[in-house]
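Chemist: Just so you know, the sequences run in chain order A, B, C and D.
With our numbering applied, the first sequence covers 12 to 376.
With our numbering applied, the second sequence covers 139 to 691.
With our numbering applied, the third sequence covers 11 to 316.
With our numbering applied, the fourth sequence covers 6 to 326.
Using N, Cα and C, we set each Cβ at its ideal position, and we do this for glycine too.
Quick caveat: nothing in here was measured; it's all calculated off a predicted structure.
Right, I'll just put the structure down here and ask away after.
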Amino acid sequence: MDKMPKWADVILTPLISLFLAFAISALVILAIGESPWEALKTMVTGALGSSYGWGFTLYYTTNFIFTGLAVAVAYHASLFNIGGEGQAGLGGLGVALVCLFIPWPHWSLALLGAIAGGALFGAAWAYIPAILQAKRGSHIVITTIMFNFIAAALLNWALVNWLRPVGSMDPASANFPAATHLPKITDMFAGVGIEWGNHTPANVTFFVALLACVGVWLLIWRTRLGYEIRAFGKSETAARYAGISPTRITVIAMLISGGLAGMMATNNVMGEAERLVLNNVEGAGFIGIAVALMGRNHPFGVLLAALLFGFLYQGGGELALWTSIPRELIIVIQALVILFTGALDNMVRMPLERFFTARRLGKRA
Amino acid sequence: MKSGGPGSAPQSVAPAIELVGISKSFGPVQANKDINLTVARGSIHGIIGENGAGKSTLMSILYGFYKPDSGEIRINGKPIQITDSMTAIRAGIGMVFQHFKLVRNFTVLENIILGAEDGPMLRPSLARARTRLRELAEEYELQVDPDETIDELSVGHQQRVEILKALYRQADILILDEPTGVLTPAEADHLFRILNGLRDEGKTIILITHKLREIMEITDTVSVMRRGEMVASVSTAETSPEELAELMVGRKVLLEVDKSPAQPGDPVLEVRDLRMIDDEKVERIRGVSFDIRAGEIVGIAGVSGNGQTQLLELLGGFPENGAQVTGEIRLNGQPLDLSGRHSDAATRRARGIGHVPEDRQDEGLIMDFAAWENVAFGYHNTPEYSNGIWLDRKAIRADAEGKIERFDVRPPNPELAARNFSGGNQQKIVVAREVERNPDLLLIGQPTRGVDIGAIEFIHKRIVELRDAGKAVLLVSVELDEIMSLSDRVLVMFDGMIMGERDPEATSAGELGLLMAGVTDTENAPKEAGVPPEHGHPADHPDEPTAAPEGRL
Amino acid sequence: EPALIFDLGGKFDKSFNEAAYQGAERWKEETGGTYKELEMQSEAQREQALRRLAETGANPIVMTGFAFGEVLNKIAPDYPDTKFVIIDAVVEQPNVQSNVFNEGEGSYLAGVLAAMASKSGTVGFIGGMDIPLIHKFECGYRQGFLATKPDGKVLINYTGTTPAAWNDPVKGGELAKAQKSQGADVIYAAAGGTGIGVLQAAADEGVLGIGVDSNQNHLHPGQILTSVVKRVDNAVYDAFTAGEGVEPGVKTWDVASDGVAVAMDDNNAPLITPEMTTAVDDAKAKIASGEIEVHDYMTDNTCPVD
Amino acid sequence: MDFNTIIQILDSSVRLMTPLLLACLAGLYSERSGVFDIGLEGKMLMAAFAAATVAALTGSVWLGLAAGIAGSMALSLIHGVTSITFRGNQLISGVAINFLASGLTVLLGQKIFGLGGRTPSLSGGARFSEIKLPFADQLRDVPVIGPIYADLISGHTILVYVAFLCVPATWWLLYRTRFGLRLRAVGENPASVDTAGVSVTRLRYIAIAICGVLCGLAGAYLATGLSAGFVKEMTAGRGFIALAALIFAKWRPWGALFATFLFGLFEAIANRYPNLDVGPITIPSMFMNALPYILTVIILAGFVGRAIPPRAGGEPYVKER
Ligand SMILES: Nc1ncnc2c1ncn2[C@@H]1O[C@H](COP(=O)(O)OP(=O)(O)OP(=O)(O)O)[C@@H](O)[C@H]1O
Ligand SMILES: Nc1ncnc2c1ncn2[C@@H]1O[C@H](COP(=O)(O)OP(=O)(O)OP(=O)(O)O)[C@@H](O)[C@H]1O
Ligand SMILES: [Mg+2]
Ligand SMILES: [Mg+2]
């Protein structure tokens with residue numbers, strides 16, 4: 012017996028929280044002397060008002076889905092993977108190597124290759140913290156933080172000394188060959204004769220991300236492995252009682268997590284930049300933490316949260332581009348959204364629960 | 139000065155406790171409904187009721203842990219608003235919770251003074267507490283080492299700490315919530331002697347228990363709760379266990395185990411010279427050898443902390459991390475791996491060992507999983523429950539529904555998280571899962587701890603049925619009654635060793651109690667020897683010379 | 011209406027974005043015109059920003075930073091009527107003007123000055139993120155220094171490998187102190203916001219600092235030897251002034267054209283001896299004439315003085 | 006490596022470790038009370054900003070310090086309201102606080118100074134200056150002890166000494182006072198504190214407030230002690246390193262001193278030897294920059310056992326569900 016109907020908890024609570032977050036954001040905008048209404052309009056039209064805006068929103072969403080799923084999978088095994096940033100970065104290296112050094116006949120094969128390469132490198136980067144946690148008890152939070160820094164150094168070195176074409180200013184790899192260029196969503200629509208979001212970076216990887224959501228959902232709630240991951244995440248002693256090996260689950264969960272983070276590179280590195288640039292992850296790894304926590308570590312929740320963050324990112328970008336509002340405002344709005352929907356949800360839920368309980372008791376009487 | 143029934147106290151003396159119209163709900167669950175209760179000063183008052191009847195809630199309200207939705211509390215005749223535990227403590231109330239509220243990595247002394255310090259500095263408080271503790275220990279025979287950390291103490295001693303905490307705060311009214319669930323008979327007797335002493339001093343005691351024997355033995359008056367309501371308050375002298383049981387459950391309950399003599403077959407489990415050294419290099423199991431044959435129940439009696447837990451876990455395939463195991467175990471004549479990949483619980487299950495662990499909440503169940511998911515726990519990789527890499531959710535659900543029905547799990551809702559079932563029903567889920575696999579060997583630890591009498595009856599029946607189907611059962615319990623009535627043979631463990639074997643028909647609780655305390659010469663032992671030595675589990679003290687158990691006399 | 015796009019560091023990066031901003035502001039002040047400005051927030055926005063500006067009719071569109079090179083190369087052909095101006099990269103398109111700066115030459119001059127100002131014979135260089143562009147500064151500096159003081163020593167530090175390397179004045183200050191304790195008495199900072207910490211620490215420790223990109227001499231008057239200015243402001247100013255008539259092709263800003271220089275003003279006048287002035291002028295002339303060839307690190311990832 | 010170099014490296018370590026130490030102790034109070042805090046970074050950043058801003062506006066570093074503490078406390082309060090009063094997810098709240106600080110500092114900075122989030126450079130009384138301990142100059146020439154005293158021990162800003170004093174003070178508070186006993190208890194088993202008649206909420210709020218003060222000191226030290234003003238994102242991940250150090254230290258004050266010293270030392274060494282020659286190869290500077298992190302992982306894996314966090318950490322205290 013629940014205190015309030017499920018729909019209220021799933022829909023009403025986040026909506027009210029979101030509303031509160033935006034209300035406070037409006038106050039902040041007022042405080043810096045701008046018009047909240049204009050800001051909202053710019054954001055909504057910029058991010059959702061046109062297929063063009065959607066093209067960007069979905070691109071960012073794709074990134075956040077991958078990093079969000081990465082955090083979520085590890086979280087189910089009660090491992091707090093803060094290393095998405097580094098794993099996605101290494102994933103970029105994997106994708107770059109696959110695209111640069113293997114002559115692909117067609118993008119579809121290249122995509123599969125890149126997914127494998129990105130996942131492999133991302134997973135490899137998660138493997139070390141995982142094995143240290145499992146065998147040596149080194150706290151995964153520290154090791155993954157450290158591995159973010161180490162990944163940055165490694166990527167920097169690889170780009171400057173190895174992958175950068177001689178004479179290029181840019182610490183970036185050469186451009187990937189044309190055969191590896193992924194179709195943009197624009198192209199896919201054009202195929203059926205619809206003009207949609209010209210020159211936007213959203214590409215076929217978005218569908219890979221959706222598949223990843225489904226895959227993670229199946230993995231966690233439908234497979235034996237997922238069952239073991241969740242059981243281990245809830246109680247290590249109970250897992251051992253049930254014959255589930257803590258080492259094995261720790262390592263596997265982190266490999267999957269790192270692999271998902273690494274797969275993000277198919278979107279930003281292969282799908283958008285079409286070469287590997289420095290700092291290609293741009294904080295998406297950290298946003299993944301917020302996305303996963305807000306999405307309650309459920310793939311569908313992650314998808315929604317990623318969309319929300321994609322919207323904020325693109326809408327905020329528009330805001331910074333076309334109004335005099337500094338781009339940092341978006342970070343503040345993101346913070347408020349995270350705070351209200353993720354951490355202060357009980358503030359909304361408690362009165363709601365009281366309301367529904369009172370109503371139910373009233374009915375009964 | 140012992141008061142009689144509730145009505146017999148002179149009108150002039152106000153009762154120690156009066157609860158008037160107390161109601162409390164947790165969200166939609168009404169845990170207490172309009173409860174009235176009067177407890178006379180200087181009496182021992184028992185409260186009984188099924189799991190989830192609302193006993194703990196009521197007492198927690200009295201102690202200020204929960205706030206009642208409505209109702210009034212009067213202490214010594216004066217109405218009082220108990221808003222938090224501090225108010226309760228000031229009003230002279232002390233409570234020993236069902237689940238102890240101790241800080242596990244603190245010393246006894248630190249736990250005692252927590253919240254009752256004399257001043258901002260610790261040293262003087264600790265010094266005073268040390269002296270006072272010594273006095274209390276002497277006065278009430280409640281010896282504990284003040285510098286031991288709680289983690290190192292046996293449950294019995296942890297409970298002493300809780301009682302000392304209350305006495306240190308000069309409690310006049312002492313509430314004990316299921317205090318004997320974790321004690322040996324000797325420890326329980328000891329506790330009751332203390333309680334009697336306290337009552338004689340004029341203190342008032344409320345005792346919650348599931349054991350009717352204890353109610354009959356020690357209480358002056360008793361109240362019965364059912365589904366949040368107070369259904370009866372009677373004088374103990376004027377009632378009987380049968381009547382109480384019926385009041386509690388709402389039907390007649392069989393209080394004895396009904397079983398025919400065992401017909402043992404071939405050995406199922408053969409254990410030879412089994413040793414286990416834990417992570418901290420302490421030898422927890424010290425050369426244990428025994429057999430269990432098909433169609434018999436072997437009970438292991440012992441004070442908790444003497445290696446039974448470790449033995450059960452080891453046989454079940456999950457000895458604590460870092461443990462080293464040597465010796466030999468054969469199941470149906472085939473050796474079992476003691477270390478390496480094939481010594482895990484999954485392999486043991488595949489070989490036909492079922493296991494109801496001692497701790498259902500931390501081991502036997504995933505509390506956040508739905509009941510149906512827990513039904514597959516440990517067996518999720520078996521063909522019945524899986525399809526390739528997938529979990530066969532339909533099959534598991536169907537099986538869960540069957541089990542819930544057959545085991546009368548309430549509420550019969552497979553979607554409900556394990557956490558939301560009462561302890562007894564949680565236990566039924568675990569027992570259903572393990573027993574219905576028809577294992578060749580069933581390991582079962584503390585099967586009825588904290589479980590109400592209705593459920594106990596049911597679980598005992600299932601265990602006997604399994605035995606009658608020709609399976610072997612290894613039962614570990616601190617309940618001597620349970621051991622003696624269920625087992626066909628009884629082994630007693632002390633300090634990691636088996637002290638001896640007894641026939642339950644031919645032995646007595648006293649004799650077993652002596653063995654449990656490490657006394658093998660049970661003929662000539664003095665009576666007090668049944669009380670375990672100060673440190674409940676000697677294995678925690680590797681430095682102490684642990685000579686042959688006889689030397690302990 | 012002209013437009014200016016700043017790179018990820020933002021227009022107040024204490025570096026070339028800020029210089030570009032100043033150039034635009036100067037143009038605005040002098041002509042009373044208006045311009046559009048944009049700050050990048052993510053890599054993916056570059057193309058978006060360029061296209062949207064081009065579509066709204068901004069012309070010319072000026073952008074700072076090599077990171078725009080790729081994108082510009084891709085989109086310039088789509089807007090043949092728009093003129094694009096890129097700073098710090100070469101894009102070979104008919105409607106693009108590429109502005110490249112010979113930072114190495116400016117740094118060479120700073121190296122000469124450092125060598126003459128240094129009493130200990132040891133000087134320092136602190137770079138921001140460890141990337142080739144910054145090595146270019148480092149290499150020129152070392153060449154200039156060693157040409158003047160062949161047995162001297164240059165200490166080199168980079169702040170880090172993440173973008174945080176540009177915004178860590180604390181680490182910058184600590185690196186400056188570490189270099190000072192190893193004997194450095196002139197420290198050149200090419201590290202954006204981190205450089206502020208370097209210059210501060212140098213001033214606190216009583217050694218000389220050298221600023222970068224824009225004239226930073228005023229930050230600690232009398233304690234900053236000079237600043238290697240990169241006239242991004244002029245590049246922007248020129249582009250804005252030329253308007254739609256911006257000349258396509260590569261425009262090189264070097265010592266000869268005063269596109270890069272060492273800043274001399276009242277703030278550092280007491281530090282600059284006449285000999286230094288002569289030496290700098292001399293080196294300038296020789297660089298212009300080709301007699302001194304300042305090696306461009308980026309061409310082969312090496313520095314000849316290694 | 007001669008003696009002088011060692012002194013210099015240690016001296017640098019001390020400066021570098023100070024903000025880490027303060028933040029680490031801040032985290033210690035919060036997490037010992039059972040409230041996890043990954044928002045140390047944000048609080049430090051906010052404190053650095055507030056301190057620099059007020060110091061720049063008033064010219065007084067002390068007012069700046071007070072403002073820094075207030076700024077950090079404000080965020081602490083948010084964390085308290087979400088995770089104690091409303092029993093929200095402590096990790097999410099921490100993440101939000103980091104975002105909030107990162108955005109607000111620049112937004113407010115831009116509004117106040119128009120320098121893109123930077124504050125003007127501080128000078129004179131708006132900065133903490135170095136303190137010369139008595140007899141530092143006279144003792145300098147005494148062998149061994151002289152340089153240690155004059156160069157290593159003397160000559161830091163007051164906050165450095167405060168930070169180091171905080172270690173024994175924290176130890177004393179934690180293990181010798183009533184408050185410490187209760188604090189440790191509430192992080193292990195809040196129900197034990199509650200049933201002993203002490204308010205869990207109050208204790209946790211106090212712990213969080215102390216955390217705010219210490220983060221405030223850390224941030225103020227960054228902006229007004231180590232450097233002279235605020236630059237956006239100037240904490241540069243130090244809050245996360247402090248968190249790592251806290252786990253490393255197993256939530257103990259002396260451990261915190263040791264762990265943060267190690268981080269400071271590694272960074273100082275990497276600063277001093279940007280390109281380390283090891284026989285045939287030279288380690289590129291990029292890897293020297295990552296050296297502190299690599300060494301941390303190695304030490305963690307090799308020498309430090311399992312770190313067991315306070316048992317009640319991360320979980321809000323819920324009596325009635
Ligand atoms: N903290 C709580 N939050 C929500 N519901 C609770 C809580 N504690 C108890 N309940 C509800 O109140 C009812 C009464 O629980 P209580 O613990 O008082 O039972 P009990 O009689 O002590 O049972 P047992 O014999 O098993 O100890 C339970 O059925 C449960 O649903
Ligand atoms: N905090 C809580 N939230 C929700 N339900 C609770 C809570 N505490 C107890 N309950 C519920 O109250 C009932 C009885 O609670 P209690 O903790 O007394 O278990 P129990 O039956 O006594 O088991 P045991 O005696 O083995 O501890 C169960 O249904 C349990 O799920
Ligand atoms: Mg109870
Ligand atoms: Mg119970």
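#1: So is the beta-carbon of B/Gln223 under 7 Å away from any non-hydrogen atom of ligand 1?
#2: Exposed or buried, which one is A/Ser335 when buried takes at least 16 other CB atoms within 10 Å?
#3: Please classify B/His598: is it buried, with 16 or more other beta-carbons within 10 angstroms of its beta-carbon, or exposed?
#4: Please list the segments of the beta strand (DSSP E) lying wholly inside the segment 89-164 of chain C, counting only runs of 3 or more residues, in order along the chain.
#5: Would you call B/Glu273 buried or exposed, if buried means 16 or more other Cβ atoms sit within 10 Å of its Cβ?
#6: Rounded to whole angstroms, what is the Cα-Cα separation between D/Phe245 and C/Val238?
#7: Give me the subset of the segment 159-178 of chain C whose CB atoms are less than 7 Å from a CB atom of chain D, sorted by chain position.
#8: Bridge partners for B/Gly232 per DSSP, in chain order?
#9: According to DSSP, is B/Gly583 helix, strand or coil?
#10: Taking C-beta to C-beta, are A/Leu8 and A/Leu340 nearer than 8 Å?
#11: Going along chain B, which residues have a C-beta under 8 Å from D/Val255?
#12: Exposed or buried, what is C/Pro70 when buried is set at 16 or more other beta-carbons lying within 10 Å of its beta-carbon?
#13: Any idea what DSSP makes of B/Phe164, helix, strand or coil?
#14: Reducing DSSP to helix, strand and coil, say where A/Arg307 ends up.
#15: Any chance the segment 262-272 of chain A sits against the segment 43-52 of chain A, with 3 or more Cβ pairs inside 8 Å?
#16: How is C/Thr262 classed by DSSP in three states: helix, strand or coil?
#17: Would the segment 201-211 of chain A and the segment 318-330 of chain A be scored as touching if the rule is three or more Cβ pairs under 8 Å?
#18: Looking at B/Asp590 and ligand 1, is the gap between the Cβ and the nearest heavy atom below 7 Å?
#19: Have a look at C/Ala273 and D/Ala31 and give me their C-alpha separation to the nearest angstrom.
#20: With DSSP run on the structure shown, which of helix, strand or coil describes C/Thr66?
#21: Would you mind working out which of D/Ile89, D/Arg20, D/Gly224 sits nearest D/Leu157, comparing C-alpha positions?
#22: Could you please tell me which residues of the segment 247-263 of chain B, in chain order, have their CB closer than 9 Å to any CB of chain D?
#23: Ligand 1 and B/Thr195: does the residue's C-beta get closer than 7 Å to at least one heavy atom of that ligand?
#24: For D/Arg187, does the three-state DSSP call read helix, strand or coil?
#25: Run the proximity test for B/Ala191: is its beta-carbon closer than 7 Å to any non-hydrogen atom belonging to ligand 1?
#26: Does B/Arg422 come out as helix, strand or coil in the three-state DSSP assignment?
#27: Please confirm whether D/Ile252 has its beta-carbon closer than 8 Å to some beta-carbon of chain A.
#28: Which one of A/Leu304, A/Leu90, A/Ile263, A/Cys224 has the shortest CA to CA distance from A/Phe77?
#29: Using a Cβ cut-off of 7 Å, pull out every chain G residue sitting near A/Ile342, in sequence order please.
Modeler: Answer, in terms of the structure:
#1: Within the second sequence, numbered from 1, the residue matching residue 223 of chain B stands at position 85. In the sequence as presented, Gln is not what sits at residue 223 of chain B; that position holds Ser. Checking the Cβ of B/Ser223 against ligand 1 gives no.
#2: Mapped onto the first sequence, residue 335 of chain A falls at position 324. Answer is exposed; the Cβ neighbour count stays below 16.
#3: Taking the first residue of the second sequence as 1, we reach residue 598 of chain B at position 460. Of the residues assessed, B/His598 falls on the buried side of the cut-off, its CB having 16 or more other CB atoms within 10 angstroms.
#4: Listed in chain order, the complete beta strand (DSSP E) runs (minimum 3 residues) inside the segment 89-164 of chain C are 94-97, 106-111, 132-139.
#5: Along the second sequence, one-based indexing puts residue 273 of chain B at 135. The residue is exposed, with fewer than 16 neighbouring Cβ atoms inside 10 Å.
#6: Along the fourth sequence, one-based indexing puts residue 245 of chain D at 240. Along the third sequence, one-based indexing puts residue 238 of chain C at 228. Going by the C-alpha atoms only, they are around 35 Å apart.
#7: In summary, the residues of the segment 159-178 of chain C whose CB is separated from some CB of chain D by less than 7 Å are Ile166, Asn167, Tyr168, Gly170, Thr171, Ala174, Asn177, Asp178, in the order they occur in the chain.
#8: Position 94 of the second sequence, counted from the start, is the residue given in the question as residue 232 of chain B. Note: B/Gly232 sits in a beta bridge opposite B/Leu312.
#9: Numbered from 1 along the second sequence, position 445 holds the residue referred to as residue 583 of chain B. Here DSSP, grouped into helix, strand and coil, assigns B/Gly583 to strand.
#10: Summary: the structure shown does not reach residue 8 of chain A, with chain A confined to residues 12 through 376, and so no result is reported for it.
#11: Taking the first residue of the fourth sequence as position 1, residue 255 of chain D is located at position 250. With the sequence shown as reference, residue 255 of chain D is identified as Lys, and Val is not the correct amino acid for it. Residues of chain B passing the Cβ test: none, with the nearest at roughly 12 Å.
#12: Looking up residue 70 of chain C in the third sequence gives position 60. Buried: at least 16 other Cβ atoms inside 10 Å.
#13: Counting from 1 along the second sequence, the entry for residue 164 of chain B is found at position 26. If DSSP states are grouped into helix, strand and coil, B/Phe164 belongs with the strands.
#14: If you number the first sequence from 1, residue 307 of chain A lands on position 296. Look at A/Arg307 here: in three-state DSSP terms it is coil, with no helix or strand label.
#15: Of all C-beta pairs linking the segment 262-272 of chain A to the segment 43-52 of chain A, fewer than three are shorter than 8 Å, placing the two stretches out of contact.
#16: In the third sequence, counting from the first residue as 1, residue 262 of chain C sits at position 252. The three-state reading of DSSP puts C/Thr262 in strand, counting E and B together.
#17: Verdict: no, contact absent.
#18: One-based indexing of the second sequence puts residue 590 of chain B at position 452. For B/Asp590, the Cβ falls inside the 7 Å cut-off from some heavy atom of ligand 1.
#19: In the third sequence, counting from the first residue as 1, residue 273 of chain C sits at position 263. In the fourth sequence, counting from the first residue as 1, residue 31 of chain D sits at position 26. One alpha carbon belongs to C/Ala273, the other to D/Ala31, and they sit about 45 Å apart.
#20: Residue numbering aside, residue 66 of chain C sits at position 56 when the third sequence is read from its first letter. C/Thr66: coil per DSSP, three-state reduction.
#21: As a position in the fourth sequence, residue 157 of chain D is number 152, starting the count at 1. Answer by Cα proximity: D/Arg20.
#22: The segment 247-263 of chain B vs chain D, Cβ under 9 Å: Glu248, Asn249, Ile251, Leu252, Gly253, Ala254, Glu255, Asp256, Gly257, Pro258, Met259, Leu260, Arg261, Ser263.
#23: Within the second sequence, numbered from 1, the residue matching residue 195 of chain B stands at position 57. Ligand 1 has a heavy atom closer than 7 Å to the beta-carbon of B/Thr195.
#24: Position 182 of the fourth sequence holds residue 187 of chain D. Helix, per DSSP.
#25: Translated into the one-based positions of the second sequence, residue 191 of chain B becomes position 53. Yes - ligand 1 has a heavy atom lying nearer than 7 Å to the Cβ of B/Ala191.
#26: Position 284 of the second sequence holds residue 422 of chain B. Strand, per DSSP.
#27: Along the fourth sequence, one-based indexing puts residue 252 of chain D at 247. True, the Cβ-Cβ gap to chain A drops below 8 Å.
#28: By one-based count along the first sequence, residue 77 of chain A stands at place 66. Of the candidates A/Leu304, A/Leu90, A/Ile263, A/Cys224, the one whose C-alpha sits nearest the C-alpha of A/Phe77 is A/Cys224.
#29: Looking at the structure shown, chain G is missing, and the protein chains on hand are A, B, C and D.
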